[in-house]
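These notes concern the structure reproduced below.
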């Protein structure tokens, strides 16, 4: 038991030393700017690699990974989960919260009825469609409505 | 509503404090929506709906030494006629409201207040503190903790089923342009015991991965493990191959273990979710091909197969999108899109008394945006076999009084199995402006 405690103690001290050494070097690591230096066209498919070299220091992936292709837009959760500091150089948090929020007052596709080009869930009469889509893939419902944003769900499912 | 208004008002008051905020950059997003509609309640009277909703966002950057910023967003609603929703005449919500300090190095930041957390497998909203930083040699760490943001109480309960507090974090490592590996977890305080629901506490741990062994190939995804049920909750992975700059081929795989994935949701594990089966392992696999014909025109074809214990289903289709923007005038654009999808699903996915859940989905939209007026047409239809179809069309017309101020209105009409017909109107006043030097965030 004493040996175990000694090992833990040594490992903790080594970890602490490594952490302090890492902190001492943090001053040399660059930060992204708070916002993109130039305005970008609204609704245009963004391809960062058009202007940026495909190389990135620190913990960011190469810029070409963020090309806003149709696949990227549909699977953006994987990128938002690890690179939201890059997302936030061009997008305000409210851009994400147009759809992802704790309490939705109005269906996003209705709020932005003047922007049918934006990818938004539950277009049309989803009251009809959810009876099929909910059985087909309940996990896709859960991500938004499992633990939040389910005031409408519990009106019937209670 | 009062609570939300107070919070928004406090944020506004903070802005007026004469701190060294003279160089502050202020950005305001405001949308005022007036809905117009009628509702026929079965066996009841006809209700007139006139909800007025105000969405308001405020961002103040470059406070104090230039690295401090304030971000708030929320909404409030008042019904000018009958109650439109959730039995209240008024309602509101503070979506987020936090102070952020960004360090000049290492992408380090601290956030305090109500914020959303997206870190690996973690997707949460909390009232508390979050910190993150890059570390040398490709490492990065983040941590968060605070009070859970609660929603509406479940029917017949005094709680929404969530615990009181939450904390967690993520550690990551990136190797060159090839690999990023993250490990993340969250721990929510014990879930309250409810009268009619049996759910577990919200605790998860997992990994997220990005692997690009070749410049044309990348694999993204995540797996999570539920320590409460002591089993895997989710695997979600996406493989992307880009043989040409214009051509992207992708394949996805998703697997969910119901009891472990839904464990912390009182709603999804309840008997009222008729198809919930704790022992079920559901899967979906899919593929898509997108080709950018020109800078303006792209084509996408996709396929997805769903597999559940109650049966299987397939969805496939294609769509095209066209976007023409004159670079000199960001608001001068023409956009259109058309798409078709078919879902092949049997009786097991249909609601009684229908014998099939298959349907054809057709959608088309057209937009024209100029410095002055802007207009949009949108039509969407779901066509079933042997039952009434559901379709809806929307016309939107608006005018930019200034680049920041616009007024627009939508009228939509549709028919569906739920209502004989449905017509809605919406009037929208938007004010989005920034007093910043840099690029405007969307």
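Chains as they are written, first to last, in the numbering used here: chain A, 252 to 409; chain Y, 1205 to 1646. Glycine included, C-beta positions come from ideal geometry on N, C-alpha and C. Bear in mind the structure is a predicted one, so any value in this text is a computation, not a measurement.
Taking CB distances under 9 Å as the criterion, tell me whether residue i reaches chain Y.
i, result
"residue 266 of chain A", "no"
"residue 232 of chain A", "With chain A covering 252 to 409 only, the question about residue 232 of chain A has no answer from this structure."
"residue 319 of chain A", "no"
"residue 387 of chain A", "yes"
"residue 359 of chain A", "no"
"residue 409 of chain A", "yes"
"residue 396 of chain A", "yes"
"residue 256 of chain A", "no"
"residue 303 of chain A", "no"
"residue 253 of chain A", "no"
"residue 286 of chain A", "yes"
"residue 260 of chain A", "no"
"residue 271 of chain A", "no"
Could you pull out every residue in the same chain whose Cβ sits closer than 6 Å to the Cβ of residue i, ignoring the five residues on either side in sequence?
i, result
"residue 1561 of chain Y", "1549, 1553 and 1554"
"residue 318 of chain A", "298"
"residue 1414 of chain Y", "1384 and 1424"
"residue 1453 of chain Y", "1445 and 1493"
"residue 1512 of chain Y", "1486"
"residue 1343 of chain Y", "1377"
"residue 1289 of chain Y", "none"
"residue 1473 of chain Y", "1403 and 1466"
"residue 1346 of chain Y", "1323, 1336, 1373 and 1374"
Which residues in the same chain have their Cβ closer than 8 Å to the Cβ of residue i, if we skip the five residues on either side of it in sequence?
i, result
"residue 1613 of chain Y", "1600, 1601, 1602, 1629, 1630, 1631 and 1632"
"residue 396 of chain A", "404"
"residue 1521 of chain Y", "1505, 1506, 1543, 1544, 1545, 1546 and 1565"
Any beta carbon of chain A sitting closer than 9 Å to that of residue i?
i, result
"residue 1433 of chain Y", "no"
"residue 1454 of chain Y", "yes"
"residue 1627 of chain Y", "no"
"residue 1322 of chain Y", "yes"
"residue 1209 of chain Y", "Reliability fails at residue 1209 of chain Y, whose pLDDT of 48 lies under 50, so the model's placement of it is uncertain and the value that follows must be treated cautiously. So no, residue 1209 of chain Y is outside the interface."
"residue 1294 of chain Y", "no"
"residue 1424 of chain Y", "yes"
"residue 1510 of chain Y", "yes"
"residue 1327 of chain Y", "yes"
"residue 1485 of chain Y", "no"
"residue 1651 of chain Y", "Nothing can be reported for residue 1651 of chain Y, as the shown portion of chain Y is limited to 1205 through 1646."
"residue 1397 of chain Y", "no"
Taking C-beta pairs closer than 7 Å, name the residues in chain A that residue i reaches, listed in chain order.
i, result
"residue 1311 of chain Y", "282, 283, 309 and 336"
"residue 1505 of chain Y", "Neighbours of residue 1505 of chain Y on chain A: none; closest Cβ ~10 Å, over 7 Å."
"residue 1561 of chain Y", "383"
"residue 1466 of chain Y", "393 and 397"
"residue 1353 of chain Y", "353"
"residue 1476 of chain Y", "408 and 409"
"residue 1620 of chain Y", "376 and 379"
"residue 1584 of chain Y", "374 and 375"
Mind listing the chain A neighbours of residue i? Cutoff is C-beta to C-beta under 8 Å, in chain order.
i, result
"residue 1594 of chain Y", "375, 376, 379 and 380"
"residue 1517 of chain Y", "387"
"residue 1308 of chain Y", "282"
"residue 1630 of chain Y", "361 and 364"
"residue 1337 of chain Y", "277"
Anything in chain A within Cβ reach of residue i, meaning under 9 Å, just list it in chain order.
i, result
"residue 1580 of chain Y", "364, 365, 366, 367 and 368"
"residue 1198 of chain Y", "As displayed, chain Y neither begins before 1205 nor continues past 1646, which places residue 1198 of chain Y out of reach and without an answer."
"residue 1405 of chain Y", "Ordered by position in chain A, no residue passes the 9 Å Cβ test against residue 1405 of chain Y, which lies about 12 Å from the chain."
"residue 1356 of chain Y", "354, 401, 402 and 405"
"residue 1600 of chain Y", "364, 365, 366 and 367"
Leaving out five residues on either side along the sequence, give the residues of the same chain with a beta carbon under 7 Å from the beta carbon of residue i.
i, result
"residue 1539 of chain Y", "1526, 1527 and 1571"
"residue 1206 of chain Y", "Here the model assigns residue 1206 of chain Y a pLDDT of 49, short of 50, so the residue's position is not dependable, and the following value carries that caveat. Answer for residue 1206 of chain Y: no residue qualifies."
"residue 263 of chain A", "none"
"residue 286 of chain A", "340"
Report the CB separation of residue i from residue j in whole angstroms; it is logged as a contact under 8 Å.
i, j, result
"residue 1621 of chain Y", "residue 1594 of chain Y", "6 Å"
"residue 386 of chain A", "residue 1433 of chain Y", "Rounded, the Cβ-Cβ distance is 23 Å, inconsistent with contact."
"residue 1302 of chain Y", "residue 1316 of chain Y", "6 Å"
"residue 1596 of chain Y", "residue 1568 of chain Y", "Actually they are not in contact, since the Cβ atoms of residue 1596 of chain Y and residue 1568 of chain Y sit about 12 Å apart, beyond 8 Å."
"residue 1580 of chain Y", "residue 359 of chain A", "15 Å between Cβ atoms; not a contact."
"residue 1412 of chain Y", "residue 1325 of chain Y", "6 Å"
"residue 1575 of chain Y", "residue 1536 of chain Y", "6 Å"
"residue 1355 of chain Y", "residue 353 of chain A", "6 Å"
Taking residue i as the query, report the chain Y residues whose CB atoms sit under 7 Å from its CB, ordered along the chain.
i, result
"residue 276 of chain A", "1340"
"residue 352 of chain A", "1299"
"residue 345 of chain A", "1233, 1261 and 1277"
Residues of chain C with CB closer than 9 Å to the CB of residue i, please, in chain order.
i, result
"residue 314 of chain A", "In the displayed structure, chain C is absent; the protein chains listed are A and Y."
Which residues in chain Y sit within 8 Å of residue i, going by Cβ to Cβ distance?
i, result
"residue 404 of chain A", "1471"
"residue 197 of chain A", "Because chain A here runs from 252 to 409, residue 197 of chain A falls outside it and cannot be looked at."
Compute every distance between the C-beta of residue i and the non-hydrogen atoms of the ligand NAP, then say whether any falls below 8 Å.
i, result
"residue 1595 of chain Y", "With respect to the ligand NAP, the structure shown offers nothing to examine, as it has no ligands at all."
Going along the chain, which residues of the region 1365 to 1385 of chain Y sit with their C-beta nearer than 7 Å to a C-beta in chain A? Sequence-ordered contacts of the region 1365 to 1385 of chain Y with chain A read 1366, 1376, 1378, 1381 and 1384 [C-beta pairs closer than 7 Å].
Beta carbons nearer than 9 Å to chain A: which residues of the region 1233 to 1263 of chain Y have them? Flagged, chain order: 1233, 1235, 1237, 1239, 1255, 1257, 1259, 1261 and 1263.
For the region 1565 to 1576 of chain Y, which residues have a beta carbon sitting closer than 7 Å to at least one beta carbon of chain A? For the region 1565 to 1576 of chain Y, which is checked against every Cβ of chain A, the residues closer than 7 Å are 1569 and 1571.
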